[in-house]
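Notes to accompany the following structure.
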Amino acid sequence: MISKKMYDAINDQVKHELESAYIYLSMVGYFHSQNLDGMAHWMRVQVHEETIHAMKFFDHLTNRGASVVLQNLKQLKTNWKNPLEPWKDAYAHEQFITGKIHDLLKIARKENDYTAEPLLNWFVNEQIEEENNTDKICRQLEMIGDSKEGLFMLDRELGARVFPAGSSFDPLAYNVVA
Ligand code: FEO
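In structure tokens form, the structure reads like this:
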């Protein structure tokens, strides 16, 4: 039986993860509008990762006999002044999510919730990668500065990110790409 405090915090985290997907989907639209299709692709893969994160928490509650109550997502930013700004926002957002995961782990320890701890430990490690990915791209863009060639090359590189195996979000899986 999950405690009320733990339930509320995990239920909130379902929203935070879905909000992450929503934020990054907004960035997909922005990058396409700037003809940065590689960055748009990278973010599209990230949208899928965030949905998987949300479902991990969703399934955790379901498997413990609790039912998720979905909440409203907040209004999003839809435009940025240059390609670096969304990456900065993404890095800041990942730091926010890391804080939320750490708070969840604190609650689990306080509530002696040994069932939630392995899931939360997975997320503690995952957040190292989540922060590092977005921070590294920020630093690369800062290094590139005003170089159009540099931006073009980075965009090409980010376009090579692969979807998780078997992902239903992979365009190849629903025949969008010939
Ligand atoms: Fe689900 Fe990017 O943290």
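So the sequence shown is numbered by our numbering: it starts at 39 and just counts up by one. Note that beta-carbon positions come from the ideal geometry of N, C-alpha and C, so glycine has one too.
If you look at W118, you'll find it isn't in any alpha helix (DSSP H); DSSP assigns it neither H nor E.
Here V107 is exposed, its C-beta having fewer than 16 other C-beta atoms within 10 Å.
Those residues having their beta-carbon less than 6 Å away from any non-hydrogen atom of ligand 1 are, in chain order, E55, S58, E88, H91, E132, I135 and E168. Judged by DSSP in its simplified three-state form, D46 adopts helix. Sixteen is the threshold: since fewer than 16 other Cβ atoms of the shown chains lie within 10 Å of the Cβ of M39, the residue is exposed. Scanning K53, L63 and L74 for the CA closest to the CA of D193 turns up L74. Contact between M44 and D173 does not hold, since the beta-carbon distance rounds to 30 Å and is not under 8 Å. The continuous alpha helix (DSSP H) containing T100 extends over residues D75 to N101. Taking one beta carbon from each stretch, the segment 84-97 and the segment 58-70 have 3 or more pairs nearer than 8 Å; the two touch. With fewer than 16 other Cβ atoms from the protein chains shown falling within 10 Å of its own Cβ, N101 counts as exposed. DSSP places F161 in the uninterrupted alpha helix (DSSP H) bounded by E155 to I182. One Cα belongs to G76, the other to E149, and the distance between them is close to 44 Å. Comparing alpha carbon positions, the residue from N170, L142, E169 and N171 closest to L157 is L142. G103 and Q178 have their C-alpha atoms some 45 Å from each other. Here A198 is exposed, its C-beta having fewer than 16 other C-beta atoms within 10 Å.
One alpha carbon belongs to H91, the other to S185, and they sit about 35 Å apart.
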